[in-house]
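Numbering (the working numbering), first residue to last: 7 to 306. Below is one structure, written out as structure tokens; comments come after it.
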């Protein structure tokens, strides 16, 4: 990116800075200036040859202002990270050493600056408004939705396909998992894939195939199990993933040492020992008193 500062770019930065300081008591000017050096400069650089560049850039910067003012944007990629992304387009968040706060933040600071110029110029303003509305709506839904969508964000094929992408990845989570039935099969989920010190506690269903697991020792540590994914997706979050949607089940369960009897069928739960908690949501999830593992009983 060039180090020269075009007049309109500077004017727009000044406009947004003044508006932000006037509108928001908690305006983070340091963060704003960091974004100007990174995301904003890259966005301008990529659309600078469009006839409508000034309108599009103003629209983008309005979203940056509102994102900072509403605390939707909490950080900024540095210039070296954008340079790395330009060189290695498929660079992962891990390679960039960043953890995004939300899908909206990801879109505003990564996808838009890098790829908005690939969208037909006449569609850009409408598209960035649509993305903002989608991102805000996701933030207002149960936490598991934002967590899961963000975990898949790097798979987004193009900004213009954002709605189809979200529908596609969410559909399996909104379908009940295959019901466990004889012959049963047992698989093991490792709580360390959620958090190094995760110790599974209470579990509850927050969507047809999504389970929230509370850490029984650590405050602010929760795990999400996305049961319709193969292999199962395990994700960490700092808050409960949503309200309980577990339906009452009349299945008869009897636990013994390292085993459970389900509807007269004994299932060995190797090395479980004494169970701590369980959840039946079409499939059976069981935690142990002294293990980070979760035993899952599914159809064989």
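Glycine residues also receive a C-beta, built at the ideal position from the N, C-alpha and C atoms. Computed from a predicted structure; not experimentally measured.
- In this structure residue 145 is in contact with residue 108, their Cβ atoms being roughly 6 Å apart against a cut-off of 8 Å.
- For residue 231, DSSP records a beta bridge to 217 and 240.
- Between the C-alpha atoms of residue 263 and residue 250 there is a straight-line separation of about 28 Å.
- The C-beta of residue 255 has fewer than 16 other C-beta atoms within 10 Å across all chains shown, which makes the residue exposed.
- Annotation: residue 121 is outside any beta strand (DSSP E); the continuous alpha helix (DSSP H) that includes it extends over 118-121.
- In the three-state DSSP reduction, residue 132 falls in the helix class (H, G or I).
- Considered as a whole, the stretch 64-120 harbours 85-93, 99-102 and 109-112 as its complete alpha helix (DSSP H) runs of no fewer than 4 residues, in chain order.
- If one requires a minimum length of 4 residues, the alpha helix (DSSP H) runs lying completely within the stretch 124-191 are 127-146, 149-157 and 168-176, in chain order.
- Take the alpha-carbon of residue 34 and the one of residue 76: they are about 10 Å apart.
- Here residue 245 is actually not in contact with residue 213; their C-beta atoms are around 16 Å apart, not less than 8 Å.
- Sixteen is the threshold: since fewer than 16 other Cβ atoms of the shown chains lie within 10 Å of the Cβ of residue 295, the residue is exposed.
- DSSP, reduced to helix, strand and coil, places residue 281 within a strand of the structure shown.
- Comparing C-alpha distances from residue 22 to each of 74, 292 and 304 shows the shortest one belongs to 74.
- 78 is the residue among 122, 78, 194 and 301 whose C-alpha sits nearest the C-alpha of residue 32.
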